[in-house]
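Participant: Residue numbers (this note's numbering): 237 to 500.
Pasting a structure here, questions to come.
The structure is reproduced here in structure tokens:
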């Protein structure tokens with residue numbers, strides 16, 4: 237067997253796979269097992285609560301320190317996420333959108349934090365719970381402001397279409413809005429975090445394997461390339477993590493507005 241095939245065979249047994257996303261319980265609380273993703277989820281929640289509590293528990297007229305940073309972050313969510321869809325009602329929904337955005341973002345960032353090194357939202361359960369929360373909010377505000385049948389009508393029958401087209405449009409809009417919406421909302425975030433974490437782990441394993449475990453004249457360039465790609469993919473993943481948090485919160489604002497306003 238040739239040298240390249242031997243290197244490939246040796247690496248194949250160590251390449252990262254689905255085992256990256258499977259964690260043994262750290263401890264049990266009664267019948268419930270607590271694994272690393274749950275611990276990271278709790279840490280993210282505690283960080284968010286602690287930061288905004290420190291920033292706004294005793295607000296000052298001239299903001300400093302944590303309050304100054306908190307106001308900048310709050311205004312970003314308000315102006316870039318809430319107001320484009322919720323307009324004058326944006327302030328009413330900041331208590332949902334602010335923690336939602338930062339929970340997703342910090343949960344994603346856990347993948348590049350030493351020791352943590354795992355994106356919380358690469359486990360489908362976490363994005364799905366958040367998506368169902370948004371979906372439930374859409375139903376509650378939709379029924380409250382439009383009525384049950386009004387919500388169904390406004391969501392599935394766009395105005396000013398020729399009547400024959402409604403035969404095709406209504407089933408598509410119904411499936412998209414009432415059946416697939418929470419699934420697509422969650423899977424978009426999950427898939428990006430899952431794939432990104434897997435790619436970074438793959439390139440890091442390539443670099444470590446060929447530079448430290450199977451160092452050969454043939455493997456050294458591959459190992460160096462793996463290190464370079466790991467650095468590049470980590471930087472790119474930081475960008476994707478922020479974008480996915482923004483998109484997730486933006487879609488949440490859009491879905492809530494669809495329940496509030498009949499013309500959405």
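Glycine is no exception: its CB is placed at the ideal position from the N, C-alpha and C atoms.
1) State the DSSP-derived secondary structure class of residue 283, mapped to helix, strand or coil.
2) Using the beta-carbon count (16 or more within 10 Å), is residue 382 buried or exposed?
3) Identify whether residue 270 lies in helix, strand or coil by the three-state DSSP scheme.
4) So residue 264 is in the alpha helix (DSSP H); what residue range does that whole segment cover?
5) Per DSSP, what kind of secondary structure is residue 311 in: helix, strand or coil?
6) Hey, how far is the Cα of residue 476 from the Cα of residue 436?
7) Can you tell me whether residue 329 is buried or exposed, with buried defined as 16 or more other CB within 10 angstroms of its CB?
8) What residues in its chain sit with their C-beta under 8 Å from that of residue 343, if we drop five residues either side in the sequence?
9) Evaluate the contact criterion for the region 420–437 versus the region 480–494: three or more CB pairs, one atom per stretch, below 8 Å.
10) Suppose contacts are defined by Cβ-Cβ distances below 7 Å. Is residue 473 in contact with residue 432 by that definition?
11) Using 7 Å as the threshold, is the C-beta distance between residue 312 and residue 489 below it?
12) What number of angstroms, rounded off, separates the C-alpha of residue 291 from the C-alpha of residue 306?
13) Helix, strand or coil for residue 486? Go by DSSP, reduced to three states.
14) I need the DSSP call for residue 255, collapsed to helix, strand or coil.
15) Using a Cβ-Cβ cut-off of 7 Å (strictly less than) and excluding sequence neighbours within five positions of residue 333, which residues of its own chain qualify?
16) Along the chain, where does the alpha helix (DSSP H) containing residue 360 start, and where does it finish?
17) Going along the chain, which residues of its own chain have a beta-carbon closer than 7 Å to the beta-carbon of residue 379, five neighbours each way excluded?
18) Alpha carbon to alpha carbon, how far is residue 241 from residue 368?
19) Find the nearest neighbour of residue 338 within the set 449, 285 and 447, judged by alpha-carbon distance.
20) Looking only at its chain, what residues have a beta carbon closer than 7 Å to the beta carbon of residue 393, apart from the 5 residues adjacent to it on each side?
21) Report the rounded CA-to-CA distance for residue 259 versus residue 268, giving the unit in angstroms.
22) Around the C-beta of residue 365, are 16 or more other C-beta atoms found within 10 angstroms, so that it is buried, or is it exposed?
23) Mind checking whether residue 374 and residue 491 have CB atoms under 7 Å apart?
Facilitator: So, from the listed chains and residues:
1) If DSSP states are grouped into helix, strand and coil, residue 283 belongs with the helices.
2) Around the beta carbon of residue 382, 16 or more other beta carbons lie within 10 angstroms, which makes this residue buried.
3) Reduced to three states, the DSSP call for residue 270 is strand.
4) Premise fails: residue 264 lies in the beta strand (DSSP E), 263–265, not in any alpha helix (DSSP H).
5) Look at residue 311 here: in three-state DSSP terms it is helix.
6) Those two C-alpha atoms are separated by around 13 Å.
7) By the neighbour-count rule (16 or more Cβ atoms within 10 Å), residue 329 is buried.
8) Only 276, 277, 280, 355, 356, 357 and 362 meet the Cβ criterion.
9) By the C-beta criterion, the region 420–437 is judged to be in contact with the region 480–494, since at least 3 inter-stretch pairs fall below 8 Å.
10) In this structure, residue 432 lies closer than 7 Å to residue 473 by Cβ.
11) For the pair residue 312 and residue 489, the CB atoms are not nearer than the 7 Å cut-off.
12) Near 6 Å, if we compare the C-alpha coordinates of residue 306 and residue 291.
13) Correct three-state label for residue 486: helix.
14) Residue 255 carries a helical assignment under DSSP once its states are collapsed to helix, strand and coil.
15) So the qualifying residues of the chain are 313, 317, 318, 485, 488 and 489.
16) Boundaries for residue 360: no alpha helix (DSSP H) harbours it, and the DSSP string shows neither H nor E there.
17) 387.
18) No answer about residue 241 holds up, because its pLDDT of 49 lies below 50 and its placement is not dependable.
19) For residue 338, the closest alpha carbon among the candidates 449, 285 and 447 is that of 285.
20) If we look at residue 393 and ignore the five residues flanking it on each side, its Cβ neighbours are 402 and 406.
21) Distance between the alpha carbons of residue 259 and residue 268: 14 Å.
22) In the assembly as shown, residue 365 is an exposed residue. Its beta-carbon has fewer than 16 other beta-carbons within 10 Å.
23) Less than 7 Å divides the Cβ of residue 374 from the Cβ of residue 491.
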